[in-house]
Each structure stands twice: as structure tokens, then as C-alpha cells.
Amino acid sequence: MDKVMSNKGIIALYILPSLLLIMGIIYIPIILTGYYGLNQWDGISAMTFIGLDNYTSLLKDSNFWQSAYHSLLLAAFSVISLLGYLLIAIVLSGRIKGANLLRKIYLVPMLLSSVAIAQLWLKIYHPTNGVVNTFLVSLGIENPPLWLADPKIVMLSLFVPILWQYAGFYILIYYAALKNIPESLVEAARIDGASGWQIAYGIKLPLITEVIKVTIVLAVVGSLKYFDLIYVMTDGGPNGSSEVMASYMYHKAFRSFDFGYGSAIGFFLLLICLVVTYLIRKATASKDTIQYS
């Protein structure tokens with residue numbers, strides 16, 4: 058008995074540093090954010106406890122709900138883009154020439170920071186000297202779109218660099234999952250006369266279903282809290298037409314110096330992410346289990 062207790066004490070000592078780290082960078086900040094949201098605070102003077110006033114004001118804030126709509130729109134775009142990433146990964150996992158080179162090319166955006174990517178695409182979208190509008194003018198279009206200044210297309214314009222930024226990440230995940238499929242299953246299907254697409258749809262996709270579920274959660278939650286590239290490229294403009302929840306939280310906290318309201322937005326964003334993650338897991342839950350003999 059003493060030996061068992063001694064072993065548990067040793068295990069606890071090994072776990073303690075990681076537990077303290079997790080508490081310090083995750084759970085304690087979450088608790089403090091929720092508490093700050095119950096106060097009126099400019100970040101300097103003493104806090105004034107106001108209860109749930111920030112949260113009730115948030116529910117009536119049309120600007121917040123507009124930013125929430127943009128975040129959900131970005132999440133929808135991201136989930137749809139997973140189909141393209143999966144298709145590319147299936148092609149790369151097959152026997153095609155230049156697959157190694159293509160994998161390296163798709164991974165290039167992962168090596169760049171979001172700020173560098175934002176600056177690059179600001180040049181691409183430049184109204185007069187940008188690559189896109191220069192090409193459109195060469196085709197005879199006299200007044201090409203103002204990609205980042207038109208409220209109707211700014212979110213779509215932002216989605217393109219975001220899609221490009223994360224392409225390598227999701228392609229790499231899908232590629233690794235596909236390569237983990239036993240080659241004997243694929244060879245057996247080929248011997249039976251299955252085509253490449255039949256193998257992909259009937260064998261490969263069912264075997265990486267769990268990976269696909271994980272990427273859906275990552276894409277949705279990542280989109281809901283997305284901030285950096287949008288902040289650099291448009292700062293939520295024009296007139297809030299590209300404002301997302303994270304950028305709205307930043308503007309309220311660090312520009313309006315309303316840290317209580319900004320904290321309420323942050324805590325509400327956390328709750329939305331948790332609810333959406335739960336709903337996705339419930340919607341994609343499978344009652345069927347695969348048993349291996």
C-alpha cells in the first residue's frame with residue numbers, strides 16, 4: 058500500500074508542472090476573462106462591478122451580431138474548402154508524377170507569418186498596381202473591383218488568402234491519414250477492378266472519417282476566433298463589413314478602452330466555440346463501430 062501511494066506521489070510530481078502550466082495559460086485566464094466581463098473597467102482605474110450588464114448589452118449589440126455573422130460566414134467557407142483540400146490530398150497520395158514537389162509547394166504558406174501573408178495579399182489586391190486588377194485591366198475591364206474597399210466582396214476577398222494560408226496544413230493532415238491506410242486494401246481493390254475514384258470514395262474516405270471530423274472542428278473553431286490577417290488587411294473595414302468577433306473584441310478593449318465589455322465578448326466567443334464544437338461532434342457522431350478481428 059505504501060509503495061502504491063509512493064508511486065502516485067511520484068506520478069503527481071511529474072504531472073504537476075504541466076498542470077500548473079495549463080492552469081496558468083488556459084483555465085485561469087478564462088476565469089479572469091469571465092470575471093472582468095462582470096465589471097466596468099478601462100484597464101487603468103478601479104473596476105466597478107456591474108453584474109451581467111455587459112452580457113445583456115452584448116446580446117442587444119447589432120455590431121457584435123454583424124461580426125458574429127461574418128465569423129460564421131468565414132467558418133462556412135472554411136468547411137467547404139476542406140473538400141478541396143481533401144481532393145488535393147487524395148490526388149497527391151496517388152501515383153502521380155511530381156507529388157513530392159507539389160507537397161512542398163503547398164506547405165510554403167505555413168512557413169510564412171500571417172502578417173507577411175497579409176502584406177503580400179495587400180499588394181496583390183492593390184487597386185491600381187495589384188496583380189489582380191492589372192490582369193483585369195489587360196483583359197479590357199476598365200473599372201476592376203476594389204477588393205478590400207467594397208463591402209459586398211470584402212469578406213470573399215479575405216477568404217482567398219485565408220484559404221491559401223491554411224491549405225498546406227489541412228492537406229498535410231489528410232495526406233498523412235491517407236498514407237496510413239494499409240496498401241494491401243488498395244491493392245486488393247485494384248485487383249478487383251475498382252477505379253481510382255471508387256477506391257477513394259469506397260475505401261479511403263470511410264477510413265479517415267475521424268480525421269475529417271477533427272479538421273471540421275479545427276476549421277470552424279479557428280474561423281470563429283480568426284483575427285490577425287483580417288486585422289492587418291482591413292482592420293474590420295470598410296464600415297465594419299469585415300469585422301469578425303475577435304477583431305470587434307480587440308477594438309472594444311484596446312481602442313475604446315472598455316476592457317469589461319471586451320472581456321464579455323471574449324468569454325461569449327469561448328462559449329460559442331464550445332457550443333459549436335459540441336454540435337459538430339453530435340452531428341458527426343457515428344453509432345457504428347468497426348471491430349477488428
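Going letter by letter, the sequence shown gives residues 58 to 350 in my numbering. C-beta: ideal position from N, C-alpha, C; glycine also.
Where does N120 fall in DSSP's three states?
The residue given as residue 120 occupies position 63 in the sequence shown. The answer is helix: DSSP assigns N120 an H, G or I state.
Express the C-alpha separation of D292 and M104 in angstroms, rounding to a whole number.
Within the sequence shown, numbered from 1, the residue matching residue 104 stands at position 47. Within the sequence shown, numbered from 1, the residue matching residue 292 stands at position 235. Approximately 28 Å between the Cα atoms of the pair.
Would you call E199 buried or exposed, if buried means 16 or more other Cβ atoms sit within 10 Å of its Cβ?
Position 142 of the sequence shown holds residue 199. Flag for E199 reads exposed.
Could you have a look at F106 and say whether DSSP puts it in helix, strand or coil?
Position 49 of the sequence shown, counted from the first residue, corresponds to residue 106. Here F106 carries a strand assignment [DSSP, helix/strand/coil].
Between the Cα of S124 and the Cα atoms of I181, A303 and G319, which residue gives the shortest distance?
Along the sequence shown, one-based indexing puts residue 124 at 67. When each option's Cα is compared against that of S124, the closest is A303.
Buried or exposed, going by whether 16 or more other CB atoms sit within 10 Å of the CB of T90?
In the sequence shown, counting from the first residue as 1, residue 90 sits at position 33. With 16 or more Cβ atoms within 10 Å of its Cβ, T90 is classed as buried.
Give the secondary structure of N190 by DSSP, where H, G and I count as helix, E and B as strand, and everything else as coil.
By 1-based counting over the sequence shown, the position of residue 190 is 133. Helix, per DSSP.
Are the Cβ atoms of L264 and I238 separated by less than 8 Å?
In the sequence shown, residue 264 corresponds to position 207, counting from 1. In the sequence shown, residue 238 corresponds to position 181, counting from 1. Against a cut-off of 8 Å, the Cβ pair of I238 and L264 comes out as a contact.
Cα-Cα separation, A342 to V271
Mapped onto the sequence shown, residue 342 falls at position 285. Mapped onto the sequence shown, residue 271 falls at position 214. Distance between the alpha carbons of A342 and V271: 12 Å.
CB contact flag (Y182, S150, <8 Å)
What you label residue 182 is simply residue 125 of the sequence shown in a count that begins at 1. What you label residue 150 is simply residue 93 of the sequence shown in a count that begins at 1. Taking 8 Å as the Cβ cut-off, Y182 and S150 do not qualify as a contacting pair.
Kindly give me the distance between the Cβ atoms of V211 and P201, rounded to whole angstroms, as I take these residues to be in contact under 8 Å.
Working through the sequence shown from its first residue, we reach residue 211 at position 154. Working through the sequence shown from its first residue, we reach residue 201 at position 144. Wrong, their Cβ atoms sit about 15 Å apart, outside the cutoff.
Is the beta carbon of A132 closer than 8 Å to that of V277?
In the sequence shown, the residue the question calls residue 277 occupies position 220. In the sequence shown, the residue the question calls residue 132 occupies position 75. Their beta carbons are under 8 Å apart, which means V277 touches A132 by this criterion.
Please confirm whether G297 and A310 have their CB atoms less than 8 Å apart.
Here the question's residue 297 lines up with position 240 in the sequence shown. Here the question's residue 310 lines up with position 253 in the sequence shown. In this structure, A310 does not lie closer than 8 Å to G297 by Cβ.
What distance in whole Å lies between the Cβ atoms of Y142 and A224, which are believed to be in contact at a cut-off of 8 Å?
Working through the sequence shown from its first residue, we reach residue 224 at position 167. Working through the sequence shown from its first residue, we reach residue 142 at position 85. About 6 Å separates the two Cβ atoms, so the contact holds.
Own chain, CB closer than 6 Å to L78, minus 5 neighbours either side, in chain order:
Along the sequence shown, one-based indexing puts residue 78 at 21. Excluding sequence neighbours, L78 sits near nothing in its chain.
With respect to the alpha helix (DSSP H) encompassing K180, which residues constitute its N-terminal and C-terminal limits?
Looking up residue 180 in the sequence shown gives position 123. Looking at the DSSP string, the run of the alpha helix (DSSP H) that includes K180 is S171 to I181.
If you draw a straight line from the alpha carbon of A173 to that of F216, how long is it in whole angstroms?
Counting from one through the sequence shown, the residue named residue 173 turns up at place 116. Counting from one through the sequence shown, the residue named residue 216 turns up at place 159. Distance between the alpha carbons of A173 and F216 is about 16 Å.
With DSSP collapsed to three states, give me the class of N111.
Reading the sequence shown from its first residue, position 54 is the one you call residue 111. Reduced to three states, the DSSP call for N111 is helix.
Would you list the one or two residues that DSSP bridges to Q255?
Reading the sequence shown from its first residue, position 198 is the one you call residue 255. According to DSSP, Q255 bridges with nothing at all.
Going by beta-carbon coordinates alone, are T334 and V274 separated by less than 8 Å?
Sequence index remark: in the sequence shown, residue 334 carries index 277 (1-based). Sequence index remark: in the sequence shown, residue 274 carries index 217 (1-based). Yes, the Cβ-Cβ distance between T334 and V274 is below 8 Å.
Given this structure, state the Cα-to-Cα distance separating L281 from S119, to the nearest angstrom.
Position 224 of the sequence shown holds residue 281. Position 62 of the sequence shown holds residue 119. So the alpha carbons of these two residues sit roughly 17 Å apart.
State the beta-bridge partners of Q222 as determined by DSSP.
What you label residue 222 is simply residue 165 of the sequence shown in a count that begins at 1. Paired residue(s): none; Q222 is not in a bridge.
Quick one: what's got a C-beta closer than 7 Å to V355's C-beta in the same chain, skipping five residues either side?
Shown here, the chain extends from 58 to 350; a query on residue 355 therefore has no answer.
If you draw a straight line from the C-alpha of P208 to the C-alpha of P74, how long is it?
As a working mapping, residue 208 is identified with position 151 in the sequence shown. As a working mapping, residue 74 is identified with position 17 in the sequence shown. Going by the C-alpha atoms only, they are around 48 Å apart.
Mapping the DSSP letters down to three states, classify N237 as helix, strand or coil.
Mapped onto the sequence shown, residue 237 falls at position 180. DSSP places N237 in coil when its eight states are reduced to three.
Give me the DSSP bridge partner(s) of N96.
Taking the sequence shown and counting its residues from 1, the one referred to as residue 96 is at position 39. BP columns for N96 point to F106.
Out of V148, I67, S128 and T266, state which residue places its alpha-carbon closest to the alpha-carbon of R338.
Mapped onto the sequence shown, residue 338 falls at position 281. Ranking V148, I67, S128 and T266 by Cα distance to R338 puts T266 first.
Cβ neighbour criterion (16 or more within 10 Å) applied to A249
For the purposes of this step, residue 249 is identified with residue 192 of the sequence shown, where counting begins at 1. Note that residue 249 is Asp in the sequence shown, not Ala. Counting Cβ neighbours within 10 Å, D249 comes out exposed, since fewer than 16 surround it.
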